[in-house]
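Just so we're on the same page, our numbering is the position in the sequence shown counted from 1, plus 276. All residues carry an ideal CB built from backbone N, CA and C; glycine is no exception. First the structure, in the form of structure tokens, and then the observations on it.
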Amino acid sequence: MRPLSEQTILITGATDGLGRHLAADLAGRGARVIAHGRDPGKLRELREELGTETARADLAELRQVERLAEELTQRYDRIDVLVNNAGVGFGPDPARREESADGIELRFAVNYLAGYHLTHKLLPLLYAPARIVNVASAGQQEIDFADPLLHEHYDGVRAYRQSKLAQIMFTIDLAEELRGTGITVNALHPATFMDTTMVRESGTTPHSRIEEGAAATLRLITAAELGGVSGHYFDGLRPADPHRQAEDPKARESLRLLSDELIAAALS
Numbered sequence: 277m278r279p280l281s282e283q284t285i286l287i288t289g290a291t292d293g294l295g296r297h298l299a300a301d302l303a304g305r306g307a308r309v310i311a312h313g314r315d316p317g318k319l320r321e322l323r324e325e326l327g328t329e330t331a332r333a334d335l336a337e338l339r340q341v342e343r344l345a346e347e348l349t350q351r352y353d354r355i356d357v358l359v360n361n362a363g364v365g366f367g368p369d370p371a372r373r374e375e376s377a378d379g380i381e382l383r384f385a386v387n388y389l390a391g392y393h394l395t396h397k398l399l400p401l402l403y404a405p406a407r408i409v410n411v412a413s414a415g416q417q418e419i420d421f422a423d424p425l426l427h428e429h430y431d432g433v434r435a436y437r438q439s440k441l442a443q444i445m446f447t448i449d450l451a452e453e454l455r456g457t458g459i460t461v462n463a464l465h466p467a468t469f470m471d472t473t474m475v476r477e478s479g480t481t482p483h484s485r486i487e488e489g490a491a492a493t494l495r496l497i498t499a500a501e502l503g504g505v506s507g508h509y510f511d512g513l514r515p516a517d518p519h520r521q522a523e524d525p526k527a528r529e530s531l532r533l534l535s536d537e538l539i540a541a542a543l544s
């Protein structure tokens, strides 16, 4: 494992909450941090306060995800760690269905599909012993492939939980794809209802401090003993079993096919 001072680490959703805490910690330890966000003002603050490099894109639009990947490929020779952290919560009104710029259910689009596409586009920049960390959740709910984007009987909590399960299913698939390359990919539930803007906007009382979730996430980023661990889901610091659908190869195949179809349609 290369020293942190020699690593380039990309964190999506780095202008607030967990992502910002990770950016500050890693930059403070000498890593070259690329902080992603969509607000130019907040990105400027990060550059000035933390000395991070920045990249701007709205992950709710797949053309911007595509542009972000192309920009990063032009700017950097390698990325040692990719942290797919950006996400949206249940929403202020969980009964109101929202769509991305591409007409895709918003939580599926931002929490899962953007990271799925960005990761695949950036794989040429990842060299062993690179790591991919997907920030998921213990809140997981089975995807109904008859209505995966919840056009019928929409519920924001279910949409969020489905998107987080999709992240874990992607983690397992990608680990199989990358087996033998020295590149690892893992997912985690960092902590329950951390004190973040996302949690507060949902009307939920925070249960955990951001520092708790950051410690679990930083372990997947930096711990030497996890260098050969891939395709796993962690609940905080502990290995855990995800929702049973994540272990179903047919369900993961259905998710891959759906994902590739949605991306192709959005970029056509």
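If you measure between the beta carbons of Leu494 and Leu280, is that distance less than 8 Å?
No, they are not a contact pair.
Element boundaries [alpha helix (DSSP H), containing Asp536]
525-543
Leaving out the 5 sequence neighbours to the left and right, which residues in its chain are closer than 6 Å to Asp449 when beta-carbon positions are compared?
Within the same chain, Arg528 come within 6 Å of Asp449 by CB-CB distance, once the 5 residues on both sides are set aside.
Rank Gly507, Pro405, Val411 by C-alpha distance to the C-alpha of Gly599 and give the top, closest one.
Residue numbering for the chain in the displayed model covers 277 to 544; residue 599 lies beyond these limits and cannot be assessed.
Starting from Ala303, follow its DSSP beta bridges and name the residues at the other end.
Answer is none; Ala303 lacks a bridge partner.
Do Leu344 and Leu401 have their beta-carbon atoms positioned less than 8 Å apart in this structure?
no
In whole angstroms, what is the alpha-carbon distance linking Lys526 and Met445?
Whole-angstrom Cα-Cα distance: 11 Å.
Looking only at its own chain, which residues have a Cβ that is under 6 Å from the Cβ of Tyr403, when we skip the five neighbours before and after it?
Arg354
Would DSSP call Leu240 helix, strand or coil?
What the structure shows of the chain is the stretch from 277 to 544, and residue 240 is not part of that stretch, so it cannot be assessed.
Buried or exposed: Ser544, going by 16 or more other Cβ atoms within 10 Å of its Cβ?
Residue environment for Ser544: exposed (fewer than 16 other C-beta atoms within 10 angstroms of its C-beta).
Counterpart residues of Asp292 in DSSP-defined beta bridges
BP columns for Asp292 are empty, so no partner.
Are at least three pairs of beta-carbons, each pair with one atom in the segment 330-340 and one in the segment 358-377, less than 8 Å apart?
yes
Use the C-beta contact count for Gln416: other C-beta atoms within 10 angstroms, 16 or more gives buried, fewer gives exposed.
buried
Output needed for Ala491: all residues of its chain with C-beta closer than 8 Å, excluding positions within five of it in sequence on either side, in chain order.
Leu513
Do Thr291 and Ala311 have their C-beta atoms within less than 8 Å of each other?
Their beta carbons are under 8 Å apart, which means Thr291 touches Ala311 by this criterion.
Residue nearest to Leu319 in terms of C-alpha spacing, selected from Asp369, Gly295, Gln350, Phe421:
Gly295
May I ask you to verify whether the segment 498-509 touches the segment 380-390, counting CB pairs closer than 8 Å and requiring at least 3?
no
Determine whether the beta carbon atoms of His519 and Leu441 lie at a separation below 8 Å.
yes
Near Ala516, which residues of its chain fall below 7 Å by C-beta distance, leaving aside the five closest residues on each side in sequence?
Cβ neighbours of Ala516 beyond the five flanking positions: Tyr509, Phe510.
For the alpha helix (DSSP H) containing Phe446, list its first residue and its last residue.
Per DSSP, Phe446 belongs to the alpha helix (DSSP H) from 432-453.
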